[in-house]
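No gaps in the numbering here: position 23 of the sequence shown is 73 in my numbering, and each next residue is one more. Here the structure is laid out as structure tokens; the discussion comes afterwards.
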Amino acid sequence: MKKLSLLILITVLTFSCGNKKSKSESEPENITQVNPAENYSGTASITQGIATTITEDIYTCDRGRKTDVGEISSTDGKTWIVPAKTHYLNNDFPFATDLHNSCEGLNYDTAEEALANFNAANTITIDNDGETYTAYIFADNYFEMYVNGEPVGKDKVPFTQFNSSVVKFKVKKPFTIAMKLVDWEEHLGVGCEENRGKSFHAGDGGLVAVIKDAQNNIVSSTNDTWKAQTFYTAPIEDLSCVSEEGNYRYSKNCSTEGGQDGANFYALHWETPTDWMATDFDDSNWPNATTFTNKTIGVDNKPAYTNFTSIFDDPEQDAKFIWSTNVILDNEVLLRYTVE
51 MKKLSLLILI
61 TVLTFSCGNK
71 KSKSESEPEN
81 ITQVNPAENY
91 SGTASITQGI
101 ATTITEDIYT
111 CDRGRKTDVG
121 EISSTDGKTW
131 IVPAKTHYLN
141 NDFPFATDLH
151 NSCEGLNYDT
161 AEEALANFNA
171 ANTITIDNDG
181 ETYTAYIFAD
191 NYFEMYVNGE
201 PVGKDKVPFT
211 QFNSSVVKFK
221 VKKPFTIAMK
231 LVDWEEHLGV
241 GCEENRGKSF
251 HAGDGGLVAV
261 IKDAQNNIVS
271 STNDTWKAQT
281 FYTAPIEDLS
291 CVSEEGNYRY
301 SKNCSTEGGQ
311 DGANFYALHW
321 ETPTDWMATD
331 FDDSNWPNAT
341 TFTNKTIGVD
351 NKPAYTNFTS
361 IFDDPEQDAK
371 FIWSTNVILD
381 NEVLLRYTVE
């Protein structure tokens, strides 16, 4: 009888334990799942973390940083190329001529020396009866330049070492300059590079340009009358720090401290209009460019700039470094300006 009672007790306990649900298997508790979009009310697509590398080393340079390209998906199901979709590997888009390029061993000391080595065949003709203009450009890091919608030159060095460029084109006035600017990144998708003791340090951008006519007169130089719109902002630690006012996209309240791990950093992406470089594109609602000092951009120790201060820092028409409102967090910027 005792054996039978013990057997019944074991059976009951076994059945009871076998049907008891663990905490993880029980009915879900009221746990709030955080959706990153809940802290963001703007028009951009949101990505988080590191992108997948799809192309490695589109350009290599001694003591230069890696120039990889990546791909990442946003919370709304779109796919984005980072740091930007460019024409660097497009053979139909011409390279600019070097003004100063340590990667290629072309360390010209003066503009005259660089122009003496300029191949006239590299002049892009837009109007056969136009005038020839020369653009001197220093970009941190990469640019693509259009005149009246026609490609006239792209940067030879996407990242570093820092270089500067010359672009010649033949066109009639008025003409419209459109430029894509990219602050390249080592950590794809979060706008970061290793710097100042941090693995994920936010990079910065900046562009200065001077356009001269055949008589060596300045017809335009970069300043705050140019238009500048951002299309990729990162790294963002807290999406509540960004804001929009009409077509103004602000990240001025966001941290630029970076850190040792970017897995949780966010990025904001806006689609670029297909005709943004066209002469008749309406940029009237774009913000004006923001200007920055040489010290802020940090060019005082870069021969690609300092060898040509007579051009970039002309005492009568000093060209300004320009970008969108945030030279640190905005990584892809489009510029437009019409020379009358």
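Glycine residues also receive a C-beta, built at the ideal position from the N, C-alpha and C atoms.
Expressed to the nearest angstrom, what Euclidean distance is found between the alpha-carbon atoms of residue i and residue j?
i    : j    : result
H319 : S123 : 10 Å
G155 : L149 : 11 Å
I176 : T340 : 29 Å
S76  : A313 : Residue placement at S76 is poorly supported in this model, since its pLDDT is 39, which falls under 50; the coordinates still yield a value, given next. Approximately 31 Å, taken between the alpha carbons.
K222 : D179 : 7 Å
L384 : K230 : 5 Å
S374 : E244 : 23 Å
DSSP puts residue i in a beta bridge; with which residues?
i    : result
T129 : S123
M195 : G203 and M229
V258 : F188
Q211 : Bridge partners of Q211: none, in fact.
A313 : None, per the DSSP bridge assignment.
Comparing alpha-carbon positions, which option in the options lies nearest residue i?
i    : options                   : result
E235 : D148, F250 and I227       : F250
N89  : T226, A189, N314 and V292 : V292
P365 : I268, T93, G296 and N245  : I268
V258 : N140, I372 and L384       : I372
E287 : T173, A171 and C304       : C304
E321 : D159, V132 and E106       : V132
Y158 : P353, F188 and I104       : P353
I'd like to check one pair, residue j with residue i: are the Cβ atoms closer than 8 Å?
i    : j    : result
Y282 : A228 : no
G256 : F358 : no
M195 : V217 : yes
T306 : I378 : yes
P208 : Y192 : yes
A284 : G241 : yes
F315 : P323 : no
K277 : D333 : yes
G203 : F145 : yes
With a threshold of 6 Å on Cβ separation, who are the neighbours of residue i within its own chain once the five nearest residues in sequence on each side are excluded?
i    : result
E382 : A134, V232, F281 and Y282
I347 : G256 and F371
R386 : A228, K277 and D333
Give me, in chain order, the residues of the same chain whose beta-carbon lies closer than 8 Å to that of residue i; leave out the 5 immediate sequence neighbours on both sides.
i    : result
T110 : T117
So, for residue i: in the same chain, excluding its five sequence neighbours on each side, which residues have a beta-carbon less than 7 Å away from its beta-carbon?
i    : result
A264 : E181 and T182
Verify the contact flag: residue i, CB atom, against every heavy atom of the ligand SAH, threshold strictly below 7 Å.
i    : result
D107 : Annotation note on the ligand SAH: not contained in the displayed structure, which lists no ligands.
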